[in-house]
Amino acid sequence: MHEQSPPVHAPIPVGSLHISLFAGMAAAVGRRSLELPWEDDTAAALRSRLGAEFPAIAPLLARSAVAIGDAYVADDAVVPRGSDVAIIPPVSGG
Amino acid sequence: MPTPVADTAQTSTALLLVWEPIDAARLLACVADEAAGANVLFTGTTRGVTAGVLTQRLAYEAHEPLARAQLARLRDEAMATYALTACAISHRLGEVAVGETSVAIATSAPHRREAFAAAEWLMERIKSEVPIWKCEEGVDGGRTWLHPDSGIHPDGGVRPHHERHPISLPKAGTAHGHAASQGGAS
Chain X
2 MHEQSPPVHA
12 PIPVGSLHIS
22 LFAGMAAAVG
32 RRSLELPWED
42 DTAAALRSRL
52 GAEFPAIAPL
62 LARSAVAIGD
72 AYVADDAVVP
82 RGSDVAIIPP
92 VSGG
Chain L
49 MPTPVADTAQ
59 TSTALLLVWE
69 PIDAARLLAC
79 VADEAAGANV
89 LFTGTTRGVT
99 AGVLTQRLAY
109 EAHEPLARAQ
119 LARLRDEAMA
129 TYALTACAIS
139 HRLGEVAVGE
149 TSVAIATSAP
159 HRREAFAAAE
169 WLMERIKSEV
179 PIWKCEEGVD
189 GGRTWLHPDS
199 GIHPDGGVRP
209 HHERHPISLP
219 KAGTAHGHAA
229 SQGGAS
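One line per chain: the protein sequences are X and L, in this order.
Residue numbering for the first sequence follows this note's numbering, beginning at 2 and increasing consecutively.
Residue numbering for the second sequence follows this note's numbering, beginning at 49 and increasing consecutively.
See the structure below:
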């Protein structure tokens, strides 16, 4: 069975993260979302992991926050498997 | 094309993320109240020139659920801190042409000082904490997402307000000083 993109309404597989990217980060990676195999680990570890996989965004990741759902989480907070995570680079609204 | 999203429109505490032109007059009308003797409306508009570089238009995107949550948190903090009567905020998403309004804040309070101060405070916080991003599109077709070296701290929290923005009242004509080095709008 080859991997396929899950349908929009499918539950997030246990053992992975769904990661949303925005603005310059999405442009640099060329995607607005990613699925990443994941065991419970911290938000800081997630940033490191993404930086290793996508070196082009490592500098921006170092200045980014992590959000789960509609709340920011601290660097040492555990990001549980199955989470819907967003990487929030420095903002520029207004 | 994303569909317009409007949550609590026409209430005294409207928070809006919109893809259509902002109706600033309507936002101001939202905060009218018999208890309020002061009504302040701030609008941020797209500049055509930033530091000598021509901008054709801006494009905004947001993490919408998080942006709404952050706007609500800031609204609540402003309401309490400045004892506002009402507060409404609208931010444009998608493409915004030069001269159009990208953000509008309306505040009302019994007296003007609090209404002015709250609008300024909200604008500063929105620009550094709410997950909305602008992309500058130059007349040469170049596109640049702006990620200024300020705002959200890598630990996921937000920096104490005083660390980023020493308390000072804007001078006439320079109320948008922060944006001068970031480009774009307000």
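In this text, a Cβ means the ideal position worked out from N, Cα and C, and glycines have one as well.
In this text the structure is predicted, and so the values were computed from the model without any measurement.
- By the rule that beta-carbons nearer than 8 Å mark a contact, D71/X touches chain L.
- Annotated as proximal: Y73/X and A66/X, with beta-carbon spacing under 8 Å.
- The beta strand (DSSP E) runs of length 3 or more contained entirely in the segment 151-179 of chain L do not exist; there are none.
- CA-to-CA, the gap between L65/L and E143/L works out to about 13 Å.
- For R121/L, there are no CB contacts under 7 Å within the same chain when 5 residues up- and downstream are skipped.
- Taking C-beta atoms under 8 Å as the contact rule, P91/X and P196/L qualify, at a distance of about 6 Å.
- Contact between the segment 138-157 of chain L and the segment 83-95 of chain L is present: 3 or more CB-CB pairs across the two stretches fall below 8 Å.
- Chain L places no beta carbon closer than 8 Å to that of F55/X, leaving this residue out of the contacts.
- F90/L has I153/L as its beta-bridge partners, per DSSP.
- Rounded to the nearest whole angstrom, the C-alpha separation of A134/L and R82/X is 41 Å.
- Chain X has no Cβ within less than 8 Å of the Cβ of A154/L.
- Below the 9 Å Cβ cutoff, chain L contributes H195 as neighbours of L61/X, in chain order.
- What L76/L touches in chain X, judged by beta-carbon distance under 8 Å, is nothing: the nearest beta carbon there is about 19 Å away.
- Here A110/L is bridged, per DSSP, to I180/L.
- Using beta-carbon distances, A167/L does not count as an interface residue toward chain X, since no partner is under 8 Å.
- With fewer than 16 other Cβ atoms from the protein chains shown falling within 10 Å of its own Cβ, P38/X counts as exposed.
- Using a Cβ-Cβ cut-off of 8 Å, W67/L does not count as an interface residue toward chain X, since no Cβ of chain X sits closer than that to its own.
- The beta-carbon separation of R123/L and I137/L, rounded to 6 Å, stays under the 8 Å limit for a contact.
- When only Cα atoms are considered, E36/X and A29/X end up about 17 Å apart.
- Residue contact with chain L for I58/X: absent (no Cβ-Cβ distance below 8 Å to any residue of chain L).
- The distance from the Cβ of L141/L to that of A110/L is about 6 Å, consistent with a contact at the 8 Å cut-off.
- Closer than 8 Å to the CB of S138/L there is not a single CB belonging to chain X.
- Looking at the DSSP output, C135/L shares a beta bridge with T155/L.
- Contacts with chain L at 8 Å (Cβ-Cβ) include P91/X.
- Interface criterion met: the Cβ of A24/X is under 8 Å from a Cβ in chain L.
- For the C-beta of A28/X, the chain L residues within less than 9 Å are, from N- to C-terminus, C183, R191, W193.
- For S49/X, no beta strand (DSSP E) run applies; the uninterrupted alpha helix (DSSP H) run containing it begins and ends at 44-54, by DSSP.
- Residue contact with chain X for A126/L: absent (no Cβ-Cβ distance below 8 Å to any residue of chain X).
- In this structure, DSSP gives P60/X a helical state, which the three-state scheme calls helix.
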